[in-house]
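Worksheet: one structure, shown below.
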Amino acid sequence: MRTDLLGLSADSLAALTNRGLVKRAGKEATPELRTDADGTVHGSFSDGLTATLPPGGLDVARCTCGATGVCRHVIGVILAYQRLPAEAAPEPLPWSPGQVTDDELTAKIGARLMAAARRTEGTGFTARVRRATPTDPVPQVELATATVRFLVPGDLGFVHTDAVAGSRDDVIALAVWAFRVADELHPGVPEVRVDVGGAAEAGTGSGLERALGLAGTVLREGAAHLGQGLEATIADVQRHLDAAGLRWPLLAVGDLAEQLTSYRDRSSHYRPELLAGQVAELHARHRAVTRPDATLRSSVLGTAEAAETPLRRARLESLGCRIRGLGDQRIAEVYLAHSDSAMVLVLRRLWDGDDDGAALARRRIATSTLAALATGNLVTESAVRSASRTVRLAAGRISKTTVSPSRGDWSELPPSLVVTDFAALSRELDALTLRPVRPRVEAELVRVVAVARVEAVTYAPGDQRLDAVIVDQAGNTATVRATHTGAAPGRLDSLAAVLAGEEGEPRFVSGVVGRTAGGVVIEPVGLAAGGRVVVPDLQPAGGSGRLMVAEDERHEPLTAALLETRGLLAEVAHHGLAHLSPTYDDRLAAAARRLTVLGLHRIARAVTAFAATRTHDSDEAVEQAWVDAYLRLDVALDLH
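Going left to right, the sequence shown walks through residues 0 to 639 as numbering that gives the first Met the number 0 numbers them.
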């Protein structure tokens, strides 16, 4: 009995080939089958063609039609074999990909790729392991640049990755080893993130020394006193981090440089707390990998996967688009759900000029417009995915990309991307690794949120912000929050119109989810209503609807105290330690007293310690005390 062929579902066959081929195979005449003693299945068709399927997977299948790769006749033989009268079969035993031996892996991918996998294991890597469930019987592992799915228990011939065949087969070994760690440390847990290999050695340094020197310069002098002479230093730090493969610190330094440029250009994109957060993040990542109980380097520094990975034929469903202005440039980010890997990828484009979202909607990307990509379904064989989950369309293969309109049927997306229970989403956000040391993965928190009803839509004129309270089926509430920007002047009007039902009943909101003051907040990038996808950032300005003006927002005392103190500490990154006002220490002391009254004793002590070091300690001690205080505040706000 070929249990491997019997275990292949229509979805599994579509993943290994494509759905159109499976449909065509189902329309073929049923072939005449025979099976050899070694399990090889032969199928003879009425037109004289013969397809042969030896054990070992579809890669070893053959057909006399002469097609390159798997053809419809091979799929037709599998479908015919599955229709044979079922034989009595023993109850399948529980199986985990971790049971695959290294000898089996070597036989599958070869000694050279096993050696490459061992090198990756030596540096360490992080993986998300999802075990088989009744609703999704296929175990899978999500790695930095590929997702691996084990379609048939115990048979490596039917392993699917979203990388082009042969380009990254070493990820099969990495996925098996990830399952071994999960089976040992977290048996029975349906979904878990694990660190594999690469035991960190305390005291060996993080490789961030130059980046920390740059961060120290920013703290001492402040953005207000740094000139363009720092650009050469930043470029040198970035080259060093890139050469060392320290992906996440490299991205943090890039954001830091962007904030300094924004301040110099007097751009509204500049925020002192963002600059301070990037300085603190570099220190947090350094500490996480150099202390005695060091965290695995690959998960904190992003060293596991640096290369891009070409994807197989991929179907990507757009969830919308965000337009950002950066000086005299416009950045469009299209969010694409990749169902095979249960993740969201980001297609990013940058244009010079000050066009707004409605004008950018007509700009072309490859063979389509931005508006079509942001509201459509993309089928492509030219996608290349990075470790941080950005995606680009390879220049030489654009002709293999097609785009069709989407109806916004987002309920068919993988359950991990669709939120129907706001309380469960809140628990998921609570379980995340602390943000300063989390992998810098694009669109990590982009979700599709089901809307049972819209309770209220209000507008805060002072902040130019729209807030909409939405409700799930259980009665839990979340807030859809959008702020006006000149790069997308139609954002608020369009969002209000859709939520008011002017485009049809709103079914879903897609966006970046997070928490503020204990509540779930969604920053929207798209909406599904009236059988289509609406992208607020690409709509023209001008709406006739009148919004209810919200009362002045007053933070509850705990949040207000944390925000006020964080802003006070962020002044260090803005003005510089050497240029703070004479009253700064008095303001610090007052903030520490307020935190103490509210019961935040550890944060208050950290703020007080920073103030104390400023009077007599070295620059390095002052910087470390500032980092201690800022990280405690930043984490407290995230958790609150």
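Yeah, the Cβ is synthetic: ideal placement off N, Cα and C, and Gly gets one too.
Since we're looking at a predicted model, the values are computed, not measured.
{"Check": "Return helix, strand or coil for A588, following the three-state DSSP convention.", "Outcome": "helix"}
{"Check": "What's the gap between the Cα of L249 and the Cα of S381?", "Outcome": "27 Å"}
{"Check": "According to DSSP, what are the bridge partners of F124?", "Outcome": "V195"}
{"Check": "Can you give me the Cβ contacts of R452 inside the same chain, cut-off strictly under 8 Å, excluding the 5 residues immediately before and after it?", "Outcome": "I469, V470"}
{"Check": "Is it a yes or a no for the stretch 421-428 touching the stretch 322-329, going by three-plus beta-carbon pairs under 8 Å?", "Outcome": "no"}
{"Check": "Going by the CB atoms, is the gap between G518 and A477 shorter than 8 Å?", "Outcome": "yes"}
{"Check": "Taking all protein chains shown into account, decide if D536 is buried (16 or more other Cβ within 10 angstroms of its Cβ) or exposed.", "Outcome": "buried"}
{"Check": "Once you ignore the five residues that flank A162 on each side, which residues in its own chain have a CB closer than 6 Å to its CB?", "Outcome": "A145, T308"}
{"Check": "Can you tell me which of the three DSSP states D3 falls into?", "Outcome": "helix"}
{"Check": "Can you give me the C-alpha to C-alpha distance between T564 and L587, rounded to a whole angstrom?", "Outcome": "8 Å"}
{"Check": "Go ahead and pull the three-state DSSP assignment for G202.", "Outcome": "Note that G202 scores 44 on pLDDT, short of 50, meaning its location in the model is unreliable and no value can be drawn from it."}
{"Check": "Might you give, ordered along the chain, the residues of its own chain that have their beta carbon closer than 6 Å to the beta carbon of H41, omitting 5 neighbours on each side?", "Outcome": "R33, T51"}
{"Check": "Rounded C-beta distance between S95 and D182? I'm assuming under 8 Å.", "Outcome": "5 Å"}
{"Check": "Which partner residues of N376 appear in the DSSP bridge assignment?", "Outcome": "E316, S403"}
{"Check": "Does the beta-carbon distance from D169 to A115 come in below 8 Å?", "Outcome": "yes"}
{"Check": "Is it true that the CB of A371 sits closer than 8 Å to the CB of V402?", "Outcome": "yes"}
{"Check": "Which stretch, first to last residue, makes up the beta strand (DSSP E) that contains P505?", "Outcome": "505-515"}
{"Check": "Quick check: the stretch 599-619 against the stretch 257-275, are there 3 or more CB pairs under 8 Å?", "Outcome": "no"}
{"Check": "Within the same chain, show all residues whose beta-carbon is closer than 8 Å to that of G202, passing over the 5 residues directly before and after it, in chain order.", "Outcome": "Low per-residue confidence applies at G202: pLDDT is 44, beneath 50, and the placement is therefore not dependable enough to give any value."}
{"Check": "E316 and A336 - do their beta-carbons sit closer together than 8 Å?", "Outcome": "yes"}
{"Check": "For A24, collect the residues of the same chain with a Cβ closer than 7 Å to its Cβ; drop the 5 residues on either side in sequence, then sort them by chain order.", "Outcome": "R71, I74, G75, L78"}
{"Check": "Could you tell me whether the Cβ atoms of A373 and V417 are closer together than 8 Å?", "Outcome": "no"}
{"Check": "Tell me where the beta strand (DSSP E) around Y458 begins and ends.", "Outcome": "452-459"}
{"Check": "Please report the residue range of the beta strand (DSSP E) in which G42 lies.", "Outcome": "40-43"}
{"Check": "Measuring only the C-alpha atoms, how far is V621 from R613?", "Outcome": "6 Å"}
{"Check": "Should P291 go down as buried or exposed, given a rule of 16 or more other Cβ atoms within 10 Å for buried?", "Outcome": "exposed"}
{"Check": "Thinking just about the alpha-carbon of each residue, which of H573, R130, H159 is nearest to the one in P186?", "Outcome": "R130"}
{"Check": "For P30, count neighbouring C-beta atoms within 10 Å of its own C-beta (all shown protein chains included) and say buried if the count is 16 or more, exposed if not.", "Outcome": "buried"}
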